[in-house]
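Worksheet: one structure, shown below.
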Amino acid sequence: MKEFGGKALFLDRSDINTDEIIPAKYLTENTKLALQSYILEDLKLGGFDPRRDIEGKGVIITRANFGCGSSREHAVWVFEVNDINVVIAESFARIFRQNMYNCGMLAIELPKKDIETLFTLGEEVEIGVDLVGCTLTVHGDKKVVIPFILNEFDKNLVEAGGWLAYADKNY
Amino acid sequence: MGKTIAEKIFAAHLRDTPTPENVILNLDVVLCHEITTPIAITDLEARDMDRVFDTTKIKAVIDHVTPAKDSKTATQGKILRDWARRHKIRDFFDIGANGVCHALFPEKGFIRPGYTVIMGDSHTCTHGAFGAFAAGVGTTDLEVGILKGVCSFRTPETMRITITGTLQDGVSAKDVILFIIKELTVNGATDKVMEFVGPVVDKMSMEARMTLCNMAIEAGATCGICLPDRVTAKYLWPFLNHKYASIDVAVEDFLRWHSDPDASYVQEMTLDVSKLAPQVTFGYKPDEVKSVVEMEGTPVDQVYIGSCTNGRIEDLRSAARILKGKKIAANVRGILSPATPKVYSQALEEGLIAIFMEAGFCVTNPTCGACLGMSNGVLAEGEICASTTNRNFNGRMGKGGIVHLMSPLTAAATAVKGHITDPRKLI
Numbered sequence: 006m007k008e009f010g011g012k013a014l015f016l017d018r019s020d021i022n023t024d025e026i027i028p029a030k031y032l033t034e035n036t037k038l039a040l041q042s043y044i045l046e047d048l049k050l051g052g053f054d055p056r057r058d059i060e061g062k063g064v065i066i067t068r069a070n071f072g073c074g075s076s077r078e079h080a081v082w083v084f085e086v087n088d089i090n091v092v093i094a095e096s097f098a099r100i101f102r103q104n105m106y107n108c109g110m111l112a113i114e115l116p117k118k119d120i121e122t123l124f125t126l127g128e129e130v131e132i133g134v135d136l137v138g139c140t141l142t143v144h145g146d147k148k149v150v151i152p153f154i155l156n157e158f159d160k161n162l163v164e165a166g167g168w169l170a171y172a173d174k175n176y
Numbered sequence: 417m418g419k420t421i422a423e424k425i426f427a428a429h430l431r432d433t434p435t436p437e438n439v440i441l442n443l444d445v446v447l448c449h450e451i452t453t454p455i456a457i458t459d460l461e462a463r464d465m466d467r468v469f470d471t472t473k474i475k476a477v478i479d480h481v482t483p484a485k486d487s488k489t490a491t492q493g494k495i496l497r498d499w500a501r502r503h504k505i506r507d508f509f510d511i512g513a514n515g516v517c518h519a520l521f522p523e524k525g526f527i528r529p530g531y532t533v534i535m536g537d538s539h540t541c542t543h544g545a546f547g548a549f550a551a552g553v554g555t556t557d558l559e560v561g562i563l564k565g566v567c568s569f570r571t572p573e574t575m576r577i578t579i580t581g582t583l584q585d586g587v588s589a590k591d592v593i594l595f596i597i598k599e600l601t602v603n604g605a606t607d608k609v610m611e612f613v614g615p616v617v618d619k620m621s622m623e624a625r626m627t628l629c630n631m632a633i634e635a636g637a638t639c640g641i642c643l644p645d646r647v648t649a650k651y652l653w654p655f656l657n658h659k660y661a662s663i664d665v666a667v668e669d670f671l672r673w674h675s676d677p678d679a680s681y682v683q684e685m686t687l688d689v690s691k692l693a694p695q696v697t698f699g700y701k702p703d704e705v706k707s708v709v710e711m712e713g714t715p716v717d718q719v720y721i722g723s724c725t726n727g728r729i730e731d732l733r734s735a736a737r738i739l740k741g742k743k744i745a746a747n748v749r750g751i752l753s754p755a756t757p758k759v760y761s762q763a764l765e766e767g768l769i770a771i772f773m774e775a776g777f778c779v780t781n782p783t784c785g786a787c788l789g790m791s792n793g794v795l796a797e798g799e800i801c802a803s804t805t806n807r808n809f810n811g812r813m814g815k816g817g818i819v820h821l822m823s824p825l826t827a828a829a830t831a832v833k834g835h836i837t838d839p840r841k842l843i
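Here you go:
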């Protein structure tokens, strides 16, 4: 199973859509790796520059309704090929959330107050994910441990390495 | 306790219940297009799993960029085409027979009441207009659908939206759904099914119901759904007449999918549309919606009429009603993209294409192209488009471009005046 966690990239806005994560004009690529440099290219967010801010990050922390819009799994792959395997948000659009688990990646929903806490821990934040105990260990200006709920089926998808492997075994 | 239509469809297609919250459904139709399917195909090949669960239940079309605009899009088309031929998928629609998926597949009679449908395209919710459970999915879900004929969902909760009153002349299904999205917000229906009922829906054509269901995803919904009735049966009759003795018998049979009177809903909304004005979006989210009266006068550079939301014959008729005998403003480029070859040829027969062309519109072949900024009408930085499509996201129709979503009537009125215009003044 994948190791989850890493340095956090903060995207402080709700409703970040899949066109912002990966614009449609790049959907003509036929490999996942070809998407790598286009990550979050159209995201307009004060002070954010994908070419500078993505490097070395393993986790995205954001607000509500992340990944709304198109069904394009490219929005998940572009994170995967940039070594980002966890997105933590107040809520997700359904298809994006499913695409994350289908790829064996984590889309973790936290209550608004916990998201608020994460946004107050400074700019240098490192997140460890314990899938067995369902807790996030967060090292920032201070250390915080935040529990999360992981649906059993989603957990099985992550452990199987994604929906294709799970479905091939079970159906 | 009674069941909703979505719950009835789920019960009839249940393959597995891995947890109380998650269900695995058997699929009746798996729809494919050339943007999200090729990576599924190449992945299946790489895994030595290049199989399909049922060639008759898989339908494929090249629609997003057609004819191909460059080598990359040509390759995407080729991967889909070669795969369809290799697996003898009969219902594959290539250039000359292709059209926007969510307009083409219903026209071919592929979607029936009670069906389960997936596609690697978020606007798959359109097909709920037929009383089907239809959901947009990602490429991995599509891949498993192609291979195994199953898909996972969370047990659905349904919100019921009852639409009452009478629509004014000049106000259409597009205005109704834009107003509903404004009320619910872009995630107000996440993980839910939006069930549209009431006298206004009962009177709507299948085209209008498809417009209504098409944009359910813009409120976050898994699916929009209408109860199948006589309108549904009449639309599908050429495909059903061997199965039922009469339309009456079909309508009677469809009742088994109707939500029970004692079904439970997580949310109820009632909307009297009698005073509803035409609606137009501003900003970059589909819930940023105002009355056309407030948006009147906003200048535009391009008017686009087409897409899976509003590229059907009824949409072309309503726009042509305003354009007839008029010219579009000198500052505006008009683009019409009939959604399917059938819509195109019917529009030719009815003289609608002539009306568009005489007004100064460019008429393209059926394609999704401009709606997502891929081809056939991409905007330049700073340009503004009045569009009958479904998303006004930043950069959606071209980097730096701005999109105002509206009905075909409002788009036509806007084309004539050169700025956003209330269509009620011109009809």
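Note that the protein sequences, when read in sequence, are chains A and B. Following my numbering, the numbering of the first sequence begins with 6 at its first residue and continues without gaps. Following my numbering, the numbering of the second sequence begins with 417 at its first residue and continues without gaps. Quick reminder that beta carbons are idealized off the backbone N, C-alpha and C, glycines included. None of the values given here were measured: they were computed from a predicted structure.
Quick one: what's got a C-beta closer than 6 Å to residue i's C-beta in the same chain, skipping five residues either side?
{"i": "I729 of chain B", "result": "V759, Q762"}
{"i": "G713 of chain B", "result": "H835"}
{"i": "D731 of chain B", "result": "P824"}
Looking at the unbroken alpha helix (DSSP H) that takes in residue i, where does it start and where does it end?
{"i": "E611 of chain B", "result": "Premise fails: E611 of chain B lies in the beta strand (DSSP E), 608-613, not in any alpha helix (DSSP H)."}
{"i": "D173 of chain A", "result": "168-175"}
{"i": "I771 of chain B", "result": "768-775"}
{"i": "E46 of chain A", "result": "No alpha helix (DSSP H) contains E46 of chain A, which DSSP labels as neither H nor E."}
{"i": "P572 of chain B", "result": "Taken as a continuous stretch (DSSP letters only), P572 of chain B belongs to no alpha helix (DSSP H), as it is neither H nor E."}
{"i": "S734 of chain B", "result": "729-739"}
{"i": "S761 of chain B", "result": "757-765"}
{"i": "K7 of chain A", "result": "From DSSP, K7 of chain A is part of no alpha helix (DSSP H); its letter is neither H nor E."}
{"i": "C629 of chain B", "result": "622-630"}
{"i": "K590 of chain B", "result": "589-600"}
{"i": "T23 of chain A", "result": "23-26"}
{"i": "K650 of chain B", "result": "646-656"}
Locate the beta strand (DSSP E) running through residue i, then write down its first and last residues.
{"i": "I721 of chain B", "result": "718-722"}
{"i": "M844 of chain B", "result": "Nothing in the structure corresponds to residue 844 of chain B, since chain B is present only between 417 and 843."}
{"i": "N442 of chain B", "result": "438-442"}
{"i": "F15 of chain A", "result": "10-16"}
{"i": "S707 of chain B", "result": "705-707"}
{"i": "K833 of chain B", "result": "Where K833 of chain B is concerned, there is no enclosing beta strand (DSSP E), although the alpha helix (DSSP H) it sits in stretches over 824-833."}
{"i": "A802 of chain B", "result": "800-803"}
{"i": "V446 of chain B", "result": "445-449"}
{"i": "R1 of chain A", "result": "A question about residue 1 of chain A goes unanswered here, because the residues of chain A that appear run from 6 up to 176."}
{"i": "P434 of chain B", "result": "430-435"}
{"i": "L821 of chain B", "result": "818-821"}
Is the beta carbon of residue i sitting closer than 7 Å to the one on residue j?
{"i": "F612 of chain B", "j": "C639 of chain B", "result": "no"}
{"i": "P434 of chain B", "j": "F97 of chain A", "result": "no"}
{"i": "G614 of chain B", "j": "T648 of chain B", "result": "no"}
{"i": "E450 of chain B", "j": "Q492 of chain B", "result": "yes"}
{"i": "R57 of chain A", "j": "E95 of chain A", "result": "no"}
{"i": "G552 of chain B", "j": "T540 of chain B", "result": "yes"}
{"i": "D717 of chain B", "j": "E799 of chain B", "result": "yes"}
{"i": "L169 of chain A", "j": "T556 of chain B", "result": "yes"}
{"i": "F777 of chain B", "j": "L795 of chain B", "result": "no"}
{"i": "A693 of chain B", "j": "V719 of chain B", "result": "no"}
{"i": "I132 of chain A", "j": "V143 of chain A", "result": "yes"}
{"i": "N808 of chain B", "j": "L821 of chain B", "result": "yes"}
{"i": "C63 of chain A", "j": "G11 of chain A", "result": "Looking at the sequence shown, residue 63 of chain A is not Cys but Gly. Yes."}
{"i": "C108 of chain A", "j": "V83 of chain A", "result": "no"}
{"i": "N90 of chain A", "j": "D20 of chain A", "result": "no"}
{"i": "V682 of chain B", "j": "E573 of chain B", "result": "yes"}
{"i": "F9 of chain A", "j": "V134 of chain A", "result": "yes"}
{"i": "K742 of chain B", "j": "A770 of chain B", "result": "no"}
{"i": "K424 of chain B", "j": "W673 of chain B", "result": "yes"}
{"i": "A589 of chain B", "j": "A624 of chain B", "result": "yes"}
Please list, in chain order, all residues of the same chain as residue i whose beta carbon is under 7 Å from its beta carbon, the five residues on each side excluded.
{"i": "E523 of chain B", "result": "T756, K758"}
{"i": "D537 of chain B", "result": "H449, T452, C517, G552"}
{"i": "D47 of chain A", "result": "D24, E25, P28"}
In its own chain, which residues sit with a C-beta less than 8 Å from the C-beta of residue i, not counting the 5 before and 5 after it?
{"i": "C567 of chain B", "result": "I440, L441, L443, T532, I534, A551, V553, D557, V560, G561"}
{"i": "R18 of chain A", "result": "L50, T67, R68"}
What runs of the beta strand (DSSP E), each 3 residues or longer, lie entirely inside the segment 467-555 of chain B?
-> 474-477, 532-535, 549-552
Using Cβ-Cβ distances below 9 Å, what residues of the segment 524-555 of chain B are close to chain D?
-> Although the question refers to chain D, the structure presented lacks it and instead comprises the protein chains A and B.
Going along the chain, which unbroken runs of the alpha helix (DSSP H) with 4 or more residues stay wholly within the segment 77-150 of chain A?
-> 79-85, 99-107, 117-123
Can at least three beta-carbon pairs, one atom from the segment 473-480 of chain B and one from the segment 497-506 of chain B, be found at a separation below 8 Å?
-> yes
At least 3 beta-carbon pairs within less than 8 Å: the segment 564-583 of chain B vs the segment 671-688 of chain B | yes
Does the segment 68-80 of chain A come close enough to the segment 17-26 of chain A to have 3 or more Cβ pairs within less than 8 Å?
-> yes
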